[in-house]
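Engineer: Under our numbering, think of the first position of the sequence shown as 539, with each following residue one higher. Yeah, the Cβ is synthetic: ideal placement off N, Cα and C, and Gly gets one too. Before we start, here is the structure in question, set down as C-alpha cells.
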Amino acid sequence: MNGFEQFFGMVRNKKFCIFAPPHREGNLVRLTGIDVQESRPPESAEIDISEYEGKIIEVNGIDNGDWLYSARVVEEAGPVLSDFLKKVFCKDDEIGELCALVIGHKKDSPGAMNKKHNIGEFEFNERLAPMIESRVKNTRVQRVYRRAYAQLPADINALNPAFVVSLHCNANDGTASGSEVLYYHKSLKGMEIAAIMLGYLVSHLKFPNRGIKPKTSEEKGGYLLRYTSAPCIIAEPFFIDNDSDLVHVMADMEGLASAYALAIDEISKVLKARKFLAGL
Numbered sequence: 539m540n541g542f543e544q545f546f547g548m549v550r551n552k553k554f555c556i557f558a559p560p561h562r563e564g565n566l567v568r569l570t571g572i573d574v575q576e577s578r579p580p581e582s583a584e585i586d587i588s589e590y591e592g593k594i595i596e597v598n599g600i601d602n603g604d605w606l607y608s609a610r611v612v613e614e615a616g617p618v619l620s621d622f623l624k625k626v627f628c629k630d631d632e633i634g635e636l637c638a639l640v641i642g643h644k645k646d647s648p649g650a651m652n653k654k655h656n657i658g659e660f661e662f663n664e665r666l667a668p669m670i671e672s673r674v675k676n677t678r679v680q681r682v683y684r685r686a687y688a689q690l691p692a693d694i695n696a697l698n699p700a701f702v703v704s705l706h707c708n709a710n711d712g713t714a715s716g717s718e719v720l721y722y723h724k725s726l727k728g729m730e731i732a733a734i735m736l737g738y739l740v741s742h743l744k745f746p747n748r749g750i751k752p753k754t755s756e757e758k759g760g761y762l763l764r765y766t767s768a769p770c771i772i773a774e775p776f777f778i779d780n781d782s783d784l785v786h787v788m789a790d791m792e793g794l795a796s797a798y799a800l801a802i803d804e805i806s807k808v809l810k811a812r813k814f815l816a817g818l
C-alpha cells in the first residue's frame with residue numbers, strides 16, 4: 539500500500555473503473571473519505587460518485603485494493619479529453635455484459651424465515667447484494683428490487699440485461715441441506731448459466747449439490763424465469779431454516795459474495811463469447 543496517488547478512470551455502475559496508472563488498469567474500486575488507519579469500515583464514509591456515471595474523472599487517494607481511502611474527486615475531464623480516453627480504454631471487448639441482480643422478495647414479504655436467528659430471505663440477500671456488486675470485476679451490475687411480483691419481469695426487461703440472477707434462499711423442514719439453482723425448462727442458456735452458478739456455490743459452501751432444476755412457468759419461481767427476455771436463474775445456495783447451515787454462511791458472507799461475483803463474471807464472459815461467435 540502506497541501513499542496518495544493520482545488516478546484517472548470512468549464511473550461505471552457507481553464504481554470507479556481505473557484507466558491509469560497502468561498497473562491498476564481495468565480494476566473497479568469504490569471511494570471512501572476515511573483514512574486507511576481508521577478502524578471504521580470504508581462503507582461508513584463511501585463517496586457517492588453516481589453523478590459522474592459514464593464520465594471520466596480524476597481522483598486522488600490511497601490505494602488499498604477494492605477501496606481508495608481519503609479519496610477526493612479532483613475534476614471531471616473535459617469533452618475532448620473524455621472522448622480521447624474513451625476511445626483508448628473503452629473498447630467494446632472490455633465492456634462487460636449487464637447483469638440484473640434481483641433481491642428476492644421484499645421487506646413486507648420477506649420470504650422464508652429462520653425463527654431462531656430472526657432473519658429472512660429478503661434481509662439476508664439485501665445485505666449480500668452490495669457485497670457481490672463490489673466484487674464483480676468485468677460485468678456491469680444493476681440491483682433490482684421487487685415492487686409487485688407481476689410487474690417484476692417487465693421491470694427487469696426495461697433494463698435490457700444480458701442475464702438475470704435472482705437471489706434467494708431455500709427452506710423446508712429445518713434439516714434439509716444443499717445448494718441448487720433454478721432455470722426455465724425451455725432455456726438452453728438458462729441451463730448453461732445455472733450450471734456455472736451452481737458450480738461456484740457448491741465449490742465454496744461445500745453443501746450437498748442438489749443440482750440445477752428446470753421449472754415451468756406454472757411452478758414456483760417459474761413466472762420470473764419464463765417472462766424475462768434475458769436468460770434468468772434463481773440461486774438458492776442454502777436452506778435458511780437450517781440453523782447450522784445459516785450460521786456457517788453468516789460467518790463467511792464475504793466468501794459467498796465472492797463466489798457469486800466469480801460466477802457472474804464467468805457467465806458474462808461466456809455470453810459475450812456466444813454473442814461474438816454469432817456475429818461471425
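Terminal residues of the continuous alpha helix (DSSP H) containing A692?
Structural biologist: Looking up residue 692 in the sequence shown gives position 154. Where A692 is concerned, the enclosing alpha helix (DSSP H) stretches over 690–695.
Engineer: Using the beta-carbon count (16 or more within 10 Å), is L639 buried or exposed?
Structural biologist: Against the sequence shown, residue 639 aligns to sequence position 101. The residue in question, L639, is buried, as its Cβ has 16 or more Cβ neighbours within 10 Å.
Engineer: Give me the DSSP bridge partner(s) of Y683.
Structural biologist: Here the question's residue 683 lines up with position 145 in the sequence shown. BP columns for Y683 point to I641.
Engineer: Pick from V740, E730, E584: whose alpha carbon is nearest that of P769?
Structural biologist: Within the sequence shown, residue 769 is the residue found at index 231, counting from 1. When only C-alpha atoms are compared, the closest one is E730.
Engineer: Whose C-beta lies closer than 8 Å to the C-beta of G592 among residues of the same chain, with five residues either side of it excluded?
Structural biologist: The residue labelled residue 592 in the question sits at position 54 within the sequence shown. So the list reads M548, V549, R550, once near-sequence residues are dropped.
Engineer: So which of A733, K724, H742, F777 has the shortest CA-CA distance to S715?
Structural biologist: Working through the sequence shown from its first residue, we reach residue 715 at position 177. The candidate whose alpha carbon is nearest that of S715 is F777.
Engineer: By alpha-carbon positions, which one of F546, N598, Y721 ends up nearest to I734?
Structural biologist: Taking the first residue of the sequence shown as 1, we reach residue 734 at position 196. The shortest Cα separation from I734 among F546, N598, Y721 belongs to Y721.
Engineer: Determine contact between the region 670–689 and the region 746–757, defined as no fewer than three beta-carbon pairs at a distance below 8 Å.
Structural biologist: In short, these stretches do not touch, since the Cβ pair count stays below three.
Engineer: Is there contact here, the region 601–615 with the region 554–572, by at least three beta-carbon pairs under 8 Å?
Structural biologist: Touching, yes, given that three or more Cβ pairs across the two stretches are closer than 8 Å.
Engineer: Tell me which residue opens and which closes the beta strand (DSSP E) that E613 is part of.
Structural biologist: To locate residue 613, count along the sequence shown from 1; it is residue 75. Residues 605–614.
Engineer: Roughly how many whole angstroms lie between the Cα atoms of R562 and S647?
Structural biologist: Stepping through the sequence shown from its first residue, residue 562 is reached at position 24. Stepping through the sequence shown from its first residue, residue 647 is reached at position 109. If you take the alpha carbons of R562 and S647, they lie about 42 Å apart.
Engineer: Any idea what DSSP makes of S717, helix, strand or coil?
Structural biologist: Here residue 717 refers to the residue found at position 179 of the sequence shown. S717: strand per DSSP, three-state reduction.
Engineer: Between P775, E664, N652, which has its C-alpha nearest H643's C-alpha?
Structural biologist: Taking the first residue of the sequence shown as position 1, residue 643 is located at position 105. Among P775, E664, N652, the Cα nearest to that of H643 is on E664.
Engineer: With F557 as the anchor, note down where its beta strand (DSSP E) starts and where it stops.
Structural biologist: The residue labelled residue 557 in the question sits at position 19 within the sequence shown. Its beta strand (DSSP E) spans residues 553–558.
Engineer: Tell me which residue opens and which closes the alpha helix (DSSP H) that F485 is part of.
Structural biologist: This structure cannot speak to residue 485, because the chain is shown only from 539 to 818.
Engineer: Going by the CB atoms, is the gap between S704 and H742 shorter than 9 Å?
Structural biologist: As a first step, residue 742 is located in the sequence shown; it is residue number 204 there, counting from the start. As a first step, residue 704 is located in the sequence shown; it is residue number 166 there, counting from the start. No.
Engineer: With DSSP as the reference, identify every bridge partner of K753, one or two as the case may be.
Structural biologist: In the sequence shown, the residue the question calls residue 753 occupies position 215. Answer is Y722.
Engineer: Of all the options I600, A692, F662, which has the alpha carbon lying nearest to the alpha carbon of P775?
Structural biologist: If you number the sequence shown from 1, residue 775 lands on position 237. Looking at the Cα atoms, F662 is the closest of the given residues.
Engineer: Per DSSP, what are the beta-bridge partners of F745 in this structure?
Structural biologist: Within the sequence shown, the letter at position 207 stands for residue 745. For F745, which the question treats as bridged, DSSP gives no partner whatsoever.
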